[in-house]
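J.: One structure, pasted below without further comment.
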Ligand code: EPU
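Numbering (our numbering), first residue to last: 31 to 329.
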């Protein structure tokens, strides 16, 4: 436990919300409720909430923009640490520091205003900086690991992880393997005048992606040179539907929800996995992060 601040006093200051709705706080618009959510605003508040939940043996999840998750329809008898109110961006010499709750669009607006280039490829990704770093998100040709100089991480103690120590991989980082919370990132940028133009280029490219409620790509691209979308498409699974969930006709790695049932999406993900394995002997690996309980025997 961190000792250099008064935990109990800090916790009292943190805004909370009872009966937190996952449906209202994820891009899927799906999921049940959690007992309570905490909205820390400062580094010390984040650390205090993290310590408090750990010390009390509480079950908890950390939620940024909720763009890469599928939350269960069932009640989550635990807490959510939302980074939504934890936002700060500072310019240093040749990098900027931003806290994990900053969204990609806020980050890019800041870059436009301050003529900072190097992050344009993130345009249109509906993520928070914390989620992006955790998952090493980005595009097919550039990932956030190429910009990260250091990450500030709390696991009961404050750490500054160098890029190397983050162990970035395919939609993976070491932060996924340890119990911790990402506080902020030092991101390499450079001065440039045509930042907005480059952002618009990436936004245009994203317009070809499916509309509708989704978590972006469901599966990782694990087969070298073949995208998971292409594999699912080749297996003839576009349009496959279970209840309110459907494999997009536009891009087969997107599963769109038209209803109010996370279990339908879960069942369809598992069905796609099974079908692809049966038809092509390829093991797809989920990129989407599940929150709460799902019944495997339902799938
Ligand atoms: N393709 C098909 N059928 C499909 C989907 C794709 O034939 O249903 C083909 C495309 O025509 C193209 C190739 O597969 O020739 C690659 O498709 P795309 O350019 O859409 O890229 P991707 O590999 O499917 C990756 C990221 C996306 C990111 C795009 C563009 C992953 C898992 N996916 O998709 O990221 O938007 O590149 O940069 O890394 C996400 O992370 O949630 C995500 C959507």
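Using N, Cα and C, we set each Cβ at its ideal position, and we do this for glycine too.
The model shown is predicted, which means the values in this text are computed figures rather than measured ones.
Looking only at C-alpha atoms, which of 78, 92, 38 and 75 sits nearest to residue 322?
T.: The shortest CA-to-CA distance from residue 322 to any of 78, 92, 38 and 75 is the one to 92.
J.: Using DSSP bridges, identify the partner residues of residue 192.
T.: 180
J.: Could you check if residue 63 is buried or exposed, using at least 16 other CB atoms within 10 Å of its CB as the buried criterion?
T.: Buried, because 16 or more other Cβ atoms sit within 10 Å of the Cβ of residue 63.
J.: Provide the residue(s) that pair with residue 126 in DSSP beta bridges, ordered along the chain.
T.: 121 and 217
J.: What are the boundary residues of the beta strand (DSSP E) that residue 90 is part of?
T.: 90 to 93
J.: So, at 7 Å on beta carbons, what are the nonlocal neighbours of residue 116 in its own chain, with the 5 sequence-adjacent residues on each side left out?
T.: 70, 71, 76, 129, 130 and 131
J.: Buried or exposed, going by whether 16 or more other CB atoms sit within 10 Å of the CB of residue 31?
T.: Because residue 31 sits at a pLDDT of 49, beneath the cut-off of 50, its placement in the model cannot be relied upon, and the following sentence gives the value as read from the coordinates. Residue 31 counts as exposed, since fewer than 16 other C-beta atoms from the protein chains shown sit within 10 angstroms of its C-beta.
J.: Please report the straight-line C-alpha distance between residue 124 and residue 176, rounded to a whole angstrom.
T.: 14 Å
J.: Cα separation between residue 1 and residue 153?
T.: The requested residue 1 is not part of the displayed model; the chain covers only 31 to 329.
J.: For residue 137, count the other beta carbons within 10 Å of its own beta carbon; 16 or more makes it buried, fewer makes it exposed. Which is it?
T.: With 16 or more Cβ atoms within 10 Å of its Cβ, residue 137 is classed as buried.
J.: Take residue 242 as the anchor and find which of 206, 97, 103 and 190 has the nearest alpha-carbon.
T.: Closest in alpha carbon position to residue 242, among 206, 97, 103 and 190, is 97.
J.: What residues in its chain sit with their C-beta under 8 Å from that of residue 33, if we drop five residues either side in the sequence?
T.: Per-residue confidence for residue 33 stands at a pLDDT of 47, beneath the threshold of 50, marking its modelled position as unreliable; no derived number is given.
J.: Just reading off the alpha helix (DSSP H) that residue 296 is part of, what are its end residues?
T.: 292 to 310
J.: With burial defined as no fewer than 16 other Cβ atoms inside 10 Å of the residue's Cβ, what is the status of residue 103: buried or exposed?
T.: It is buried - the Cβ of residue 103 has at least 16 other Cβ atoms within 10 Å.
J.: Taking 7 Å as the cut-off, does the CB of residue 207 come closer than this to any heavy atom belonging to the ligand EPU?
T.: no
J.: Would you check if the distance between the CB atom of residue 58 and the CB atom of residue 287 is smaller than 8 Å?
T.: yes
J.: Quick check: what's the CA-CA separation for residue 202 versus residue 317?
T.: 9 Å
J.: Quick check: the Cα distance between residue 324 and residue 250, rounded to an integer number of angstroms?
T.: About 20 Å.
J.: At a cut-off of 7 Å, is residue 250 close to the ligand EPU when judged by its beta-carbon and the heavy atoms of the ligand?
T.: yes
J.: Is residue 149 near residue 79, with beta carbons less than 8 Å apart?
T.: no
J.: Can residue 317 be considered in contact with the ligand EPU, in the sense that its beta carbon sits closer than 7 Å to one or more heavy atoms?
T.: yes
J.: Taking only three categories from DSSP, how would you classify residue 283?
T.: In the three-state scheme derived from DSSP, where H, G and I count as helix and E and B as strand, residue 283 is classed as coil.
J.: Do you know whose CA, among 161, 120, 259 and 205, lies nearest residue 284's CA?
T.: Of all alpha-carbon atoms in 161, 120, 259 and 205, the one lying nearest the alpha-carbon of residue 284 is that of 259.
J.: What is the DSSP secondary structure of residue 324, reduced to helix, strand or coil?
T.: coil
J.: Looking at the strands, I want to know which residues DSSP matches up with residue 64.
T.: In the DSSP assignment, residue 64 is bridged to 50 and 106.
J.: Starting from the C-beta of residue 165, find all residues in its chain whose C-beta is less than 7 Å away, skip the five residues before and the five after it, and write them out in chain order.
T.: 98 and 201
J.: Should residue 55 be labelled buried (16 or more other beta-carbon atoms within 10 Å of its own) or exposed?
T.: buried
J.: Could you give the first and the last residue of the continuous alpha helix (DSSP H) run that contains residue 99?
T.: Run containing residue 99: none in the alpha helix (DSSP H); it sits in the beta strand (DSSP E), 99 to 101.
J.: Let's test the definition: count the other Cβ atoms within 10 Å of the Cβ of residue 113 and tell me whether it reaches 16, buried, or not, exposed.
T.: Buried.
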